[in-house]
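Everything below concerns the one structure shown next.
Residue numbers (the working numbering): 439 to 911.
Written out as structure tokens, the structure is:
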């Protein structure tokens with residue numbers, strides 16, 4: 439066997455910090471990008487927010503940077519005297535707090551958070567003329583109520599903590615159970631419903647209480663006949679009591695701001711119909727625009743001393759400007775990619791934008807990627823964590839990449855079929871509700887080939903009960 443050298447030319451992709459940052463930025467939604475920009479401003483002193491009062495020189499347009507924008511090492515620059523003060527051993531270049539910052543009111547002073555259930559209950563507790571002991575017990579109990587409104591602590595242990603009787607703790611709990619929202623402070627779902635039934639009187643309310651105490655599981659399974667036989671009443675009586683019970687809230691605290699942070703949605707893109715055509719509008723106002731600080735540009739242009747400190751400063755500024763230019767380029771690339779992806783989606787989903795949810799068609803990442811001319815993974819990152827505002831509401835971009843079934847007209851997405859199932863159920867006779875097979879037969883007659891199991895799956899996903907639980911008498 440002969441051994442010899444072979445010269446080959448190959449291409450490999452190196453994951454540079456700039457490329458890694460570009461991928462990260464592409465995946466960020468509007469809110470996350472705004473936070474990321476704020477972080478970069480703190481870390482990179484050459485980045486500044488755009489100010490409408492600045493001159494034309496202060497603004498670095500959002501255009502992508504070119505190679506000649508990156509300063510070369512051959513240019514001679516001189517540091518201004520005050521710049522040298524930042525380069526002693528104990529200093530760090532970055533965001534320097536203004537002396538006036540401490541005198542300014544904090545941003546949090548102007549932000550109001552939604553009151554939590556605990557805040558709401560404590561407010562009601564503190565307006566009552568209670569002794570210090572009862573007030574302390576009440577605060578302790580409220581602190582052990584979860585965001586759904588249920589109490590999670592043992593009354594005996596609570597009594598031992600405060601050195602009082604079980605009866606005294608129970609009296610305080612009864613006060614809390616009379617607070618708004620009705621049903622709060624319960625220790626079980628039965629107690630929660632019974633608290634909410636207190637204002638009601640009459641035979642229907644009495645029957646509802648009996649059902650809650652003894653037959654709540656049968657009620658959930660729609661076993662009206664069994665309940666009626668056991669209680670010696672008619673099925674219609676049970677149905678009337680069940681209707682009353684359904685007006686109650688098994689989770690009375692869920693409508694308040696919980697301990698978890700609220701997730702806010704800001705559409706990254708808006709699709710609007712103008713003159714018969716759909717226009718894609720980027721939401722550039724969701725995050726601040728940036729430019730390179732003119733101070734640092736003048737600093738580099740003015741020349742640099744030959745001292746060791748000057749060389750370090752020169753290299754530092756060059757690196758920061760290079761990093762900032764790549765950062766701005768990545769933001770602009772994200773904007774361009776997202777625009778082209780949404781523009782393609784509008785073209786492929788024209789029926790949805792014209793006629794609504796029922797006309798959403800199956801669409802894959804590969805379809806969009808082939809039109810845009812990028813890899814599927816790029817489209818996947820571009821639509822991640824992003825929302826679009828359409829004439830039919832605000833949707834997550836991933837919502838449009840739905841599976842579906844082929845039809846004579848080209849195909850329907852799973853979301854369209856779910857909407858059809860909802861429409862069929864809303865029009866059914868409640869005394870003879872449609873079974874999954876009956877719904878499948880109706881859809882098949884319309885040229886939509888789905889089986890019973892597919893209907894059952896979609897029905898469960900939209901929260902529709904099976905036919906036996908939808909039946910009324």
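C-beta atoms are modelled at their ideal positions from N, C-alpha and C, and glycine is treated no differently.
Remember, predicted model here, so these are calculated numbers, not experimental data.
Report the three-state DSSP secondary structure of residue 911 (helix, strand or coil). Taking the chain shown and counting its residues from 1, the one referred to as residue 911 is at position 473. Three-state result, residue 911: coil.
Three CB pairs or more closer than 8 Å across the stretch 820-838 and the stretch 460-474: yes
With DSSP run on the structure shown, which of helix, strand or coil describes residue 715? Here residue 715 corresponds to residue number 277 of the chain shown, with the count starting at 1. Three-state DSSP puts residue 715 in a strand.
Can you tell which of 689, 592, 734 has its C-alpha closest to the C-alpha of residue 604? What you label residue 604 is simply residue 166 of the chain shown in a count that begins at 1. The shortest C-alpha separation from residue 604 is found at 592.
Could you tell me whether the stretch 569-589 touches the stretch 618-632, using the rule of 3 or more Cβ pairs below 8 Å? yes
Span of the beta strand (DSSP E) holding residue 673? Position 235 of the chain shown, counted from the start, is the residue given in the question as residue 673. Element bounds for residue 673: not the beta strand (DSSP E) but the alpha helix (DSSP H), 673-684.
Does residue 730 come out as helix, strand or coil in the three-state DSSP assignment? Within the chain shown, numbered from 1, the residue matching residue 730 stands at position 292. In the structure shown, residue 730 sits in a strand (DSSP, three-state: E or B).
Sufficient close CB pairs (3 or more, under 8 Å) joining the stretch 718-734 to the stretch 766-781: yes
Taking three-plus beta-carbon pairs below 8 Å as touching, is the stretch 831-842 in contact with the stretch 889-908? no
Contained beta strand (DSSP E) runs [length at least 3] in the stretch 793-864, N- to C-terminal order: 825-828, 831-834
Could you check how far apart the C-beta atoms of residue 886 and residue 862 are, in whole angstroms? I think they sit under 8 Å. Position 448 of the chain shown, counted from the start, is the residue given in the question as residue 886. Position 424 of the chain shown, counted from the start, is the residue given in the question as residue 862. Not quite, the Cβ-Cβ distance comes to about 12 Å (not below 8 Å), so this is no contact.
So, using beta-carbon positions, are residue 906 and residue 668 closer together than 9 Å? Numbered from 1 along the chain shown, position 468 holds the residue referred to as residue 906. Numbered from 1 along the chain shown, position 230 holds the residue referred to as residue 668. Against a cut-off of 9 Å, the Cβ pair of residue 668 and residue 906 comes out as no contact.
Start-to-end residues for the alpha helix (DSSP H) that takes in residue 770: Here residue 770 refers to the residue found at position 332 of the chain shown. It spans 746-786 - the alpha helix (DSSP H) in which residue 770 sits, taken as one unbroken run.
Quick check: the Cα distance between residue 559 and residue 692, rounded to an integer number of angstroms? In the chain shown, residue 559 corresponds to position 121, counting from 1. In the chain shown, residue 692 corresponds to position 254, counting from 1. Computed Cα separation, rounded: 13 Å.
In the DSSP output, which residue or residues are listed as bridge partners for residue 709? Taking the chain shown and counting its residues from 1, the one referred to as residue 709 is at position 271. DSSP lists 718 as partners of residue 709.
Those residues which DSSP pairs with residue 588 across a bridge: On the chain shown, position 150 is the one that residue 588 refers to. Residue 588 is bridged to 624.
Straight-line CA distance for residue 555 to residue 600? Translated into positions along the chain shown, residue 555 becomes position 117. Translated into positions along the chain shown, residue 600 becomes position 162. If I take the Cα positions, the gap works out to 24 Å.
Hey, could you find the ends of the alpha helix (DSSP H) residue 456 is sitting in? For the purposes of this step, residue 456 is identified with residue 18 of the chain shown, where counting begins at 1. First-last of the alpha helix (DSSP H) with residue 456: 455-465.
DSSP on residue 599, reduced to helix/strand/coil? To locate residue 599, count along the chain shown from 1; it is residue 161. Note: residue 599 maps to helix in three-state DSSP.
With a threshold of 7 Å on Cβ separation, who are the neighbours of residue 610 within its own chain once the five nearest residues in sequence on each side are excluded? Stepping through the chain shown from its first residue, residue 610 is reached at position 172. Cβ neighbours of residue 610 beyond the five flanking positions: 572, 575, 576, 579.
State yes or no: is the C-beta of residue 782 within less than 9 Å of the C-beta of residue 709? The count along the chain shown starts at 1 and reaches residue 782 at position 344. The count along the chain shown starts at 1 and reaches residue 709 at position 271. Going by C-beta atoms, residue 782 is not nearer than 9 Å to residue 709.
Cβ shell of residue 805 (< 7 Å), same chain only, five flanking positions each side left out: Here residue 805 corresponds to residue number 367 of the chain shown, with the count starting at 1. For residue 805, where only same-chain residues beyond five positions count, the Cβ hits under 7 Å are 786.
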